[in-house]
Amino acid sequence: MTQIMANLQAASSSEASRPPAFKTPSMKAPECFDGTHPFKVRSFIQSCQLIFHNDLANFSQDRKKVLYATSFLIGRAEK
Numbered sequence: 001m002t003q004i005m006a007n008l009q010a011a012s013s014s015e016a017s018r019p020p021a022f023k024t025p026s027m028k029a030p031e032c033f034d035g036t037h038p039f040k041v042r043s044f045i046q047s048c049q050l051i052f053h054n055d056l057a058n059f060s061q062d063r064k065k066v067l068y069a070t071s072f073l074i075g076r077a078e079k
């Protein structure tokens, strides 16, 4: 039993020292949307969706997605 515990501890410490296998690339934030040109809403939404799909760990809840997207609304679109 002691040997098993020692093996588990050794394995977990060696895993912690390894660099991650894949690093999520950083992405450009969406341009602010002011609502004066409604045809730009599709591009704004697509930019937000790319961010959400690229960072599933941080955008696992709809509330987080909404808060992020609304932080880029200005002017008429913000009201």
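To convert, note that position 63 of the sequence shown is 63 in UniProt numbering; the numbers rise steadily by one, no gaps. All C-beta atoms in this analysis are idealised placements derived from N, C-alpha and C, irrespective of residue type, glycine included. Just so we're clear, the structure is a prediction, and the values are computed from it rather than from any experiment.
* Asked: Apart from the five residues just before and just after GLY35, which ones in its own chain have a Cβ nearer than 7 Å to its Cβ?
  -> If you number the sequence shown from 1, residue 35 lands on position 35. Contacts found: GLY75, ARG76, ALA77.
* Assign LEU67 to one of three DSSP states: helix, strand, or coil. => Counting from one through the sequence shown, the residue named residue 67 turns up at place 67. In this structure, LEU67 counts as helix in the three-state DSSP scheme.
* **Residue from PRO38, ILE45, GLU31 with nearest C-alpha to VAL66** => Stepping through the sequence shown from its first residue, residue 66 is reached at position 66. Nearest of PRO38, ILE45, GLU31 to VAL66, Cα basis: ILE45.
* Asked: Alpha carbon to alpha carbon, how far is LYS40 from GLU31?
  -> Along the sequence shown, one-based indexing puts residue 40 at 40. Along the sequence shown, one-based indexing puts residue 31 at 31. Rounded to whole angstroms, LYS40 to GLU31 spans 10 Å at the Cα level.
* Quick one, which of THR2, HIS53, THR70 has its alpha-carbon nearest THR24's? -> Start at 1 with the first residue of the sequence shown, and residue 24 comes out as number 24. Among THR2, HIS53, THR70, the Cα nearest to that of THR24 belongs to HIS53.
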